[in-house]
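What follows is a set of notes on a single structure, which appears directly below.
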Amino acid sequence: MDTIKEIKDYLPEHPFFKGLDPDLIAFLAGCAHNVHFKDGEILFKEGGNADTFYVVRKGRVAIQVHHPAGGGSILDTVDAGGVVGWTWLIPPYKWIFDATASEDTSAVAFDGACLRKKCEDDPAVGYALMKRVTVVMYERLEAARLRLLDLYGAGA
Amino acid sequence: MAATRTSTRLATTDPMVPRPFRLLSKRHDTHDTVTLELEPTDGVPLAFKAGQFTMLHAFGIGEVPISISGSPVAEGPLVHTIRNVGGVTRTLVEAEPGVEFGVRGPFGTSWDVSDGKGGDVVIITGGIGLAPLRPAILEVLAERDQYDRVTLLYGARTPDDILFGDELRRWADLNGIAVEVTVDSAAPGWKGRVGFVTQLISRVSFDPAHTLALVCGPEVMMRACVTELRQRGVPAGAMRLSMERSMKCGIGLCGHCQLRELFICVDGPVLTYERLAPLMQKWEL
Numbered sequence: 003m004d005t006i007k008e009i010k011d012y013l014p015e016h017p018f019f020k021g022l023d024p025d026l027i028a029f030l031a032g033c034a035h036n037v038h039f040k041d042g043e044i045l046f047k048e049g050g051n052a053d054t055f056y057v058v059r060k061g062r063v064a065i066q067v068h069h070p071a072g073g074g075s076i077l078d079t080v081d082a083g084g085v086v087g088w089t090w091l092i093p094p095y096k097w098i099f100d101a102t103a104s105e106d107t108s109a110v111a112f113d114g115a116c117l118r119k120k121c122e123d124d125p126a127v128g129y130a131l132m133k134r135v136t137v138v139m140y141e142r143l144e145a146a147r148l149r150l151l152d153l154y155g156a157g158a
Numbered sequence: 019m020a021a022t023r024t025s026t027r028l029a030t031t032d033p034m035v036p037r038p039f040r041l042l043s044k045r046h047d048t049h050d051t052v053t054l055e056l057e058p059t060d061g062v063p064l065a066f067k068a069g070q071f072t073m074l075h076a077f078g079i080g081e082v083p084i085s086i087s088g089s090p091v092a093e094g095p096l097v098h099t100i101r102n103v104g105g106v107t108r109t110l111v112e113a114e115p116g117v118e119f120g121v122r123g124p125f126g127t128s129w130d131v132s133d134g135k136g137g138d139v140v141i142i143t144g145g146i147g148l149a150p151l152r153p154a155i156l157e158v159l160a161e162r163d164q165y166d167r168v169t170l171l172y173g174a175r176t177p178d179d180i181l182f183g184d185e186l187r188r189w190a191d192l193n194g195i196a197v198e199v200t201v202d203s204a205a206p207g208w209k210g211r212v213g214f215v216t217q218l219i220s221r222v223s224f225d226p227a228h229t230l231a232l233v234c235g236p237e238v239m240m241r242a243c244v245t246e247l248r249q250r251g252v253p254a255g256a257m258r259l260s261m262e263r264s265m266k267c268g269i270g271l272c273g274h275c276q277l278r279e280l281f282i283c284v285d286g287p288v289l290t291y292e293r294l295a296p297l298m299q300k301w302e303l
């Protein structure tokens, strides 16, 4: 069983936390525990309570949407070094997509309510965290916009 | 020297006259893309450099510029990977072995990938853009020990649209190339990556100051890649892009492929970002 101390040791190496004040990382690590998912195991389902922020240590997570006509689509994948889930930040805190492990996956799981409370209690903590989440959102939005162009399609 | 396939003749004396080539074989790469192997009817192989293109002529139909996708360092047929986008390309893609085509060229500038010897090489491509880069990859593989880290980042539309899938695995398994593939979308069950090719750049290791970057794909994709590469610190002069314009004559006369002061058929298709930077974001061009 991994301990909080081990999570604290790992997080500064993760790209999401790299460069963040070690004391702040230790503070946030109080909301975290390690989780493991087998290939094909579901992390969360659309409509469920978005109560977790996953920091992927190993493996791959597929963000999916289900649609009756075609069965579903993978919208994005997140590998080691990435993060999954920002809906824990945004009311009403419900997952809007499904997430499934594409291979055996390990992650640090942060309790969303715990993180929110720390952010509310200390705006400096909140701002530091928000800046990093915003970068992730920006990168995904930019990539999604480019993919919307269907650049590799025959009509492009 | 392994940079260029040897030949007793570089081209016909008149660059506007097509040389007859016979279709030897056809391989279906994807639902809309094939790879053709062509042999010259006069028996003289076509010398070319990685990155160059020919004007491929379907007699009675028309002519299109197609990048060469074969090896520049091994004897063999002329290889073209062609996507069916209608018109002349449909005729080329639907042709069966034995059919004769006309070939003019080779034309244009090359990747000059040997400039990257002693350093890292990062190759970024999307869609059919992998075809013009395949000769550069094969050139690197022929002298793999001359290069440090070699990385190929490739984006395709869907898993079914991935070109040269077997080769991608072989390059990674046997030749010490880091091959990272991503697709724009996939059905559940796909185990690979989904995302845009630019998202791969931050995941790979290279020394920006000693890296040669080769980029080929839709222009919007190339601009996004250049932005990422610049953020990583790769100098503009060390980024080479293959530009696509409507090449017609192939020898800088007709102006169809003009990009302000450049004729892409002779000044390109491969150009440094240093040279392209002022041109790539102008709507009028």
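If you read the protein sequences in the order shown, they are chains A and B.
Residues in the first sequence are numbered from 3 upward in steps of one, following the working numbering.
Residues in the second sequence are numbered from 19 upward in steps of one, following the working numbering.
Note that the Cβ used here is the ideal one computed from N, Cα and C, for glycine as well.
Identity of the residues DSSP links to residue i by a beta bridge
i, result
"K60/A", "S108/A"
"Y165/B", "Partner(s): none; Y165/B has no beta bridge."
"Y172/B", "T143/B, V199/B"
"N51/A", "K96/A"
"F39/B", "P58/B, F119/B"
"M257/B", "A231/B"
"I44/A", "T102/A"
"D81/A", "R62/A"
"A204/B", "I76/A"
"I100/B", "V52/B"
"H274/B", "None; H274/B has no bridge partner."
Collapsed DSSP secondary structure at residue i in the structure displayed
i, result
"Q217/B", "helix"
"I142/B", "strand"
"P70/A", "coil"
"M73/B", "strand"
"C116/A", "helix"
"E302/B", "coil"
"M139/A", "helix"
"D191/B", "helix"
"E185/B", "helix"
"D123/A", "helix"
"G80/B", "strand"
"L13/A", "helix"
"A101/A", "strand"
"F19/A", "coil"
"A149/B", "helix"
"P124/B", "strand"
"V288/B", "strand"
"V238/B", "helix"
"L280/B", "strand"
"R263/B", "coil"
"V269/B", "Looking at the sequence provided, one finds Ile at residue 269/B rather than Val. Here I269/B sits in coil by DSSP."
"A113/B", "coil"
Under 8 Å between C-beta atoms of residue i and residue j
i, j, result
"L41/B", "A76/B", "no"
"C272/B", "R263/B", "no"
"I155/B", "C243/B", "no"
"L289/B", "R248/B", "no"
"D363/B", "R167/B", "Since the first residue shown for chain B is 19 and the last is 303, residue 363/B is missing from the structure and cannot be characterised."
"G173/B", "F214/B", "yes"
"I219/B", "F125/B", "no"
"V158/B", "V139/B", "yes"
"R162/B", "E198/B", "no"
"G235/B", "E292/B", "no"
"P153/B", "S89/B", "yes"
"E55/B", "P95/B", "yes"
"M73/B", "G123/B", "yes"
"W90/A", "T54/A", "yes"
"G120/B", "G80/B", "no"
Status (buried if at least 16 other CB within 10 Å, exposed otherwise) for residue i
i, result
"P296/B", "exposed"
"L131/A", "buried"
"W97/A", "buried"
"M34/B", "exposed"
"G21/A", "exposed"
"R62/A", "buried"
"M3/A", "Because the pLDDT at M3/A is just 45, under 50, the model does not fix this residue reliably, and the point stays unresolved."
"A227/B", "exposed"
"Y129/A", "exposed"
"S85/B", "buried"
"R147/A", "exposed"
"M265/B", "buried"
"Q164/B", "exposed"
"Y140/A", "exposed"
"S260/B", "buried"
"E8/A", "exposed"
"I92/A", "exposed"
"G114/A", "buried"
Nearest-angstrom beta carbon gap, residue j and residue i [assumed within contact, 8 Å]
i, j, result
"V86/A", "L30/A", "That pair is no contact at about 16 Å."
"G74/A", "A205/B", "7 Å"
"N36/A", "V110/A", "6 Å"
"L117/A", "G145/B", "That belief does not hold up - the Cβ atoms of L117/A and G145/B are roughly 40 Å apart, past 8 Å."
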